[in-house]
Amino acid sequence: MPIVKIHLDDRGEPIARIVEEDGLYVVSMDVFKEVGRFPEGGETLEITERYKIVVKKRELMGGVCEFVYFQFPGGTQLINVKYVGPDPPEAVIPALAEAVDEEVSPGEKNRDN
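Residue 98 in full-length UniProt numbering sits at position 98 of the sequence shown, and the numbers go up by one each step.
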């Protein structure tokens, strides 16, 4: 059974969850950034008539990156990003952070600000 490892930043804060299985890594990071638009080109799941979850995929390094959005009556947030592929987490984590920056609009608001 795969074990989930937590990756900590320089301050000791958890920033990613990592699972390794059969030579592949799953690296998942919580984001929670508001975006100014509803994402185009993703798979949509409706939860009642009020909420939607959208998963948008793209290639990243040697694997696939998934952006998970949550749309609610007050707006849309990018809530999670994950990578699935063979590249080591030490290389994937900065690439995921950069992919998030590319994905969100310049006027995003971080929940911690």
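Heads up, the beta-carbon is just placed ideally off N, CA and C, and yes, glycines get one too.
If you're wondering where the values come from, they're calculated on a predicted model, not measured in any experiment.
Asked: Is the CB-CB distance between Val64 and Val81 below 8 Å?; Found: no
Asked: Using the DSSP secondary-structure output, state which residues sit across from Leu45 in a beta bridge.; Found: Ile53
Asked: Please report the distance separating the alpha-carbon of Phe38 from that of Pro89.; Found: 29 Å
Asked: Alpha carbon to alpha carbon, what distance is there between Pro2 and Gly23?; Found: 11 Å
Asked: What whole-angstrom Cβ distance do Val27 and Val104 have, given they're in contact under 8 Å?; Found: The Cβ separation is near 18 Å, so there is no contact.
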